[in-house]
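Heads up: the structure comes next, in structure tokens.
There are 2 protein chains.
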Amino acid sequence: MEHEDPRTRILDAAEELFYGQGIQAVGMDAVRTASGMTMRRLYQHFPSKNDLVEAYLLRRDGRWRNSLAAHVSGVGGPPRDQLLAVFDWLGLWFAEPGFRGCAFVNSFGELGATTPVVAAVARHHKEEFSGFLAGLTEAAGAPPATAAHLTLLAEGAITTAAVHGDPTAAADAKEAARLLLDTALAS
Amino acid sequence: MEHEDPRTRILDAAEELFYGQGIQAVGMDAVRTASGMTMRRLYQHFPSKNDLVEAYLLRRDGRWRNSLAAHVSGVGGPPRDQLLAVFDWLGLWFAEPGFRGCAFVNSFGELGATTPVVAAVARHHKEEFSGFLAGLTEAAGAPPATAAHLTLLAEGAITTAAVHGDPTAAADAKEAARLLLDTALAS
DNA sequence: CGCGAGCGAGAACGATCGTTCTCACTTCAG
DNA sequence: CTGAAGTGAGAACGATCGTTCTCGCTCGCG
Chain L
1 MEHEDPRTRI
11 LDAAEELFYG
21 QGIQAVGMDA
31 VRTASGMTMR
41 RLYQHFPSKN
51 DLVEAYLLRR
61 DGRWRNSLAA
71 HVSGVGGPPR
81 DQLLAVFDWL
91 GLWFAEPGFR
101 GCAFVNSFGE
111 LGATTPVVAA
121 VARHHKEEFS
131 GFLAGLTEAA
141 GAPPATAAHL
151 TLLAEGAITT
161 AAVHGDPTAA
171 ADAKEAARLL
181 LDTALAS
Chain G
1 MEHEDPRTRI
11 LDAAEELFYG
21 QGIQAVGMDA
31 VRTASGMTMR
41 RLYQHFPSKN
51 DLVEAYLLRR
61 DGRWRNSLAA
71 HVSGVGGPPR
81 DQLLAVFDWL
91 GLWFAEPGFR
101 GCAFVNSFGE
111 LGATTPVVAA
121 VARHHKEEFS
131 GFLAGLTEAA
141 GAPPATAAHL
151 TLLAEGAITT
161 AAVHGDPTAA
171 ADAKEAARLL
181 LDTALAS
């Protein structure tokens with residue numbers, strides 16, 4: 001596995017460190033050690049820490065949303081069930097070892113005020129996520145307001161699971177989502 | 001106003017800087033300048049930056065929850081209305097200039113993994129908040145699960161409002177809360 | 001073989017951080 | 001008056017950060 005392409009090795013190491021400890025708490029030297037790189041090669045692939053941070057966030061955004069979409073389309077069934085499956089997927093995520101909340105919320109809180117690209121990636125990530133839920137909600141025949149409600153539940157579950165270290169927030173959010181969805185579909 | 005007690009002046013300056021820019025992005029020298037203190041006096045009141053960070057979070061926690069409780073009890077009415085008033089208060093908060101999300105979520109993401117006291121204060125803040133909602137929910141005659149649902153909505157609204165810079169998340173959350181609450185009370 | 005280009009390993013650099021120290025000056029008890 | 005104690009203002013210190021440079025060494029091409 002250590003023969004993977006260098007960019008991937010660097011990003012793997014950076015992601016684990018940045019996500020697990022916060023971005024500012026991790027120095028480039030720690031990334032170098034964890035990736036088994038030399039400084040020269042590290043800076044050849046990412047000319048500055050900002051570039052590495054941006055690449056970390058962009059890659060994680062893509063992988064996160066792809067994983068969610070794969071899980072949801074994998075369960076199949078009507079759009080209503082797929083929407084609820086989003087919260088099952090969140091529950092799996094929360095239970096992963098090292099789960100520490102949303103990387104984009106964390107990086108936004110830490111660097112959003114001083115590093116515009118971090119704020120932009122975080123905003124983009126959240127817009128894509130709520131857009132994904134909006135698509136499923138529309139397919140289920142529920143009004144757009146319901147999509148906003150489900151987005152809030154999901155975001156709240158992520159935050160709550162992170163701070164409390166307790167994955168049950170996903171089940172709570174799923175139950176609330178089911179109530180809201182069935183109420184919306186009954187009208 | 002510059003004759004206030006030094007502790008308050010320091011905490012006021014620290015809060016504005018820490019909340020607005022992130023904790024690690026603010027040096028002690030910036031706190032010293034903003035508070036109009038000398039280094040010696042700054043360290044006399046807070047022997048280390050960690051102490052200042054902890055005091056900042058604790059003071060903000062108390063003020064935040066007192067303000068919420070005052071607003072909610074000020075509107076009066078039945079518990080159901082007070083519960084919904086929580087989301088009005090959130091909307092007012094979101095619209096304040098410089099709003100940048102929950103200080104505790106932000107500090108948790110930035111320092112929670114490396115500074116246990118930060119994680120503990122964030123967890124305490126969230127527990128107190130959900131406990132507050134649980135009390136109102138019980139008074140309204142709704143089951144405990146509803147309190148968890150409303151907590152998730154509020155947390156999600158805070159995150160969404162912060163990342164999007166859009167206070168309308170409070171109104172969305174309030175509508176969802178009303179639906180969930182009325183569903184729970186109808187049974 | 002000879003040599004220039006690229007590499008790994010890590011030292012070095014300048015900036016910045018949290019924290020402490022210096023020093024001239026004021027204050028006030030005796 | 002005298003001197004001990006405390007102050008303001010900011011320099012200084014040691015650590016750490018992001019980034020770059022040095023220095024042997026290797027390797028491929030003439």
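Sequence lines, in order, name chains L and G.
Taking this note's numbering as reference, the numbering of the first sequence is continuous, increasing by one, and the terminal residue is 187.
Taking this note's numbering as reference, the numbering of the second sequence is continuous, increasing by one, and the terminal residue is 187.
The C-beta atom is built at its ideal place from N, Cα and C for all residues, glycine as well.
Since the model is a prediction, treat every value here as computed from it, not as a measurement.
Which same chain residues end up closer than 6 Å to Phe104 of chain L when comparing Cβ atoms and leaving out the 5 residues on each side of it in sequence?
Ala122, His125
Could you pull out every residue in the same chain whose Cβ sits closer than 8 Å to the Cβ of Pro78 of chain G, ignoring the five residues on either side in sequence?
Ala140
Inter-residue Cα distance where the pair is Val31 of chain G and Phe18 of chain G
9 Å
So if I threshold CB-CB distances at 9 Å, which residues from the region 141-164 of chain L count as touching chain G?
Ala145, Thr146, Ala148, His149, Leu150, Thr151, Leu152, Leu153, Ala154, Glu155, Gly156, Ala157, Ile158, Thr159, Thr160, Ala162, Val163, His164
With a cut-off of 8 Å, do at least 3 Cβ pairs link the region 143-150 of chain G to the region 56-71 of chain G?
no
Could you tell me which of L:Thr137, L:Ala170, L:Thr159 sits nearest to Leu181 of chain L, measuring between CA atoms?
L:Thr137
Considering only their Cβ atoms, is the gap separating Ala145 of chain L from Asp166 of chain G smaller than 8 Å?
no
Phe104 of chain L, DSSP secondary structure in three states:
helix
Would Arg40 of chain L be called buried (16 or more neighbouring beta carbons within 10 Å of its own) or exposed?
exposed
Output, in sequence order along the chain, the residues in the region 83-112 of chain G whose CB is closer than 9 Å to any CB in chain L.
Arg100, Gly101, Cys102, Ala103, Phe104, Val105, Asn106, Ser107, Phe108, Gly109, Glu110, Leu111, Gly112
Closest residue to Ser107 of chain G among G:Ala55, G:Ala176, G:Glu96 (Cα-Cα distance)
G:Ala55
For Leu185 of chain L and Ala134 of chain L, the rounded distance between their alpha carbons:
15 Å
Please classify Met1 of chain G: is it buried, with 16 or more other beta-carbons within 10 angstroms of its beta-carbon, or exposed?
Because the pLDDT of Met1 of chain G is 44, which lies under 50, any placement of that residue in the model is unreliable, and the question is left without a value.
Please list the partners that Lys126 of chain G has in chain L, where partner means a Cβ-to-Cβ separation under 9 Å.
Thr159, Thr160, Val163, His164
Short Cβ contact (8 Å threshold) for Ser35 of chain L with Ile10 of chain L
yes
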